[in-house]
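Colleague: Have a look at the structure that comes next, please.
Chains as they are written, first to last, in this note's numbering: chain H, 1 to 151; chain C, 152 to 302.
And the structure:
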């Protein structure tokens, strides 16, 4: 794929929107059976009697869906070099079957790497919202991106 | 499943070990195709020419595998009530096909909820290591657990 975006294209204050993506019950159960098989993620009947009242998506599934939104939104067209980590993941509201998630990304900080010439760091805030406009999760993450201009 | 562990069973300093779990190339690609389809996660040939030199697992896949280790290690036998979030995920080393991951969990903080009687909070440090004993990822996360004694 042709690269459209380099580090210079993500200045502080830059905003990106992605989504929506629908979340189906089968996907919630499939993810959770593999990675997070707690009752309220995999068993509709037991979930009904949990404090959530319905199946809910694993928090890690919500993060993974956010990543997919970021990929489709702009990351696959960016000179991305991976990420050293994530801060402050907050799972704020349950994600339920039939929900549709969107993502708003905001650049909090952008700087060139001191140790690696030609590489920039971008610190993002991601806000993941459902079809009602409720924020279901927030996180901060840092991405490494190749610079267009190495000077 | 019968519950063995309640909030009281996770005092500060409590340590739990889980794993290992093997990471196969097909699983790396399968996860990444769904959630994080960057070249170095899904395409062996392109990965070879990336800065990593081989396919590597999505960081979110590593987190999901850690969650599975926690589930099998003790969470499914615990009176768990979900999690409000995670702090400080650090992806420190690439996870490659054929790696085997283990997890060491340590309780950093344990307190009763002020707003919800009968519920306790446990803040954990997770260290995820590969078969060479290298730490590949670390994170801090908080879990809610029902108390055995509500008083």
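Idealized CB from N, CA, C, for every residue including glycine.
Please list, in chain order, the chain H residues whose beta carbon lies closer than 7 angstroms to that of residue 234/C.
Modeller: In the second chain, the residue the question calls residue 234/C occupies position 83. Per Cβ cutoff of 7 angstroms: 59 and 91.
Colleague: Taking Cβ positions only, does residue 18/H come closer than 7 angstroms to chain C?
Modeller: Mapped onto the first chain, residue 18/H falls at position 18. Not closer than 7 angstroms to any Cβ of chain C, the Cβ of residue 18/H fails to qualify, so no.
Colleague: Do the CB positions of residue 205/C and residue 247/C come within less than 7 angstroms of each other?
Modeller: Translated into the one-based positions of the second chain, residue 205/C becomes position 54. Translated into the one-based positions of the second chain, residue 247/C becomes position 96. Contact: yes.
Colleague: Anyone know if the C-beta pair for residue 259/C and residue 217/C falls short of 7 angstroms?
Modeller: Stepping through the second chain from its first residue, residue 259/C is reached at position 108. Stepping through the second chain from its first residue, residue 217/C is reached at position 66. In this structure, residue 217/C does not lie closer than 7 angstroms to residue 259/C by Cβ.
Colleague: Against residue 63/H, what residues of chain C qualify as contacts under a CB-to-CB distance less than 8 angstroms, listed in chain order?
Modeller: Residue numbering aside, residue 63/H sits at position 63 when the first chain is read from its first letter. What residue 63/H touches in chain C: 211 and 214.
Colleague: Whole angstroms is fine: what's the gap from residue 226/C's alpha carbon to residue 90/H's?
Modeller: Within the second chain, numbered from 1, the residue matching residue 226/C stands at position 75. Within the first chain, numbered from 1, the residue matching residue 90/H stands at position 90. Using only the alpha carbons, I get a separation of about 20 angstroms.
Colleague: Roughly how many angstroms separate the alpha carbons of residue 270/C and residue 64/H, rounded to a whole number?
Modeller: Working through the second chain from its first residue, we reach residue 270/C at position 119. Working through the first chain from its first residue, we reach residue 64/H at position 64. Cα to Cα, residue 270/C sits roughly 28 angstroms from residue 64/H.
Colleague: What residue range does the beta strand (DSSP E) around residue 277/C cover?
Modeller: Sequence index remark: in the second chain, residue 277/C carries index 126 (1-based). Residues 270-280.
Colleague: Is the beta carbon of residue 296/C closer than 7 angstroms to that of residue 158/C?
Modeller: Counting from one through the second chain, the residue named residue 158/C turns up at place 7. Counting from one through the second chain, the residue named residue 296/C turns up at place 145. A contact, by the Cβ cut-off of 7 angstroms.
Colleague: In terms of residues, what are the limits of the alpha helix (DSSP H) holding residue 27/H?
Modeller: Within the first chain, numbered from 1, the residue matching residue 27/H stands at position 27. 25-35 is the span of the alpha helix (DSSP H), which, as asked, contains residue 27/H.
Colleague: Just to confirm the assignment, what range does the alpha helix (DSSP H) spanning residue 59/H have?
Modeller: Reading the first chain from its first residue, position 59 is the one you call residue 59/H. Residue 59/H -> alpha helix (DSSP H) spans 59-73.
Colleague: Answer yes or no: does any C-beta atom of chain H fall closer than 7 angstroms to that of residue 218/C?
Modeller: Stepping through the second chain from its first residue, residue 218/C is reached at position 67. Chain H, which has a Cβ nearer than 7 angstroms to the Cβ of residue 218/C, makes this yes.
Colleague: Just to confirm my understanding: we take residue 262/C, look at its own chain, exclude 5 residues before and 5 after, and list those with CB closer than 6 angstroms. What are they?
Modeller: Numbered from its first residue, the second chain carries residue 262/C at position 111. For residue 262/C, where only same-chain residues beyond five positions count, the Cβ hits under 6 angstroms are 272.
Colleague: Could you check how far apart the C-beta atoms of residue 172/C and residue 193/C are, in whole angstroms? I think they sit under 8 angstroms.
Modeller: Your numbering for residue 172/C matches position 21 in the second chain. Your numbering for residue 193/C matches position 42 in the second chain. That pair is no contact at about 21 angstroms.
Colleague: Among residues of its own chain, excluding the 5 on either side of residue 228/C, which ones have a beta-carbon nearer than 7 angstroms to its beta-carbon?
Modeller: Residue mapping note: residue 228/C aligns to position 77 of the second chain, counting from 1. For residue 228/C, where only same-chain residues beyond five positions count, the Cβ hits under 7 angstroms are 152, 154, 155 and 156.
Colleague: Tell me whether residue 48/H sits in a helix, a strand or coil according to DSSP, three-state version.
Modeller: As a position in the first chain, residue 48/H is number 48, starting the count at 1. Here residue 48/H sits in helix by DSSP.
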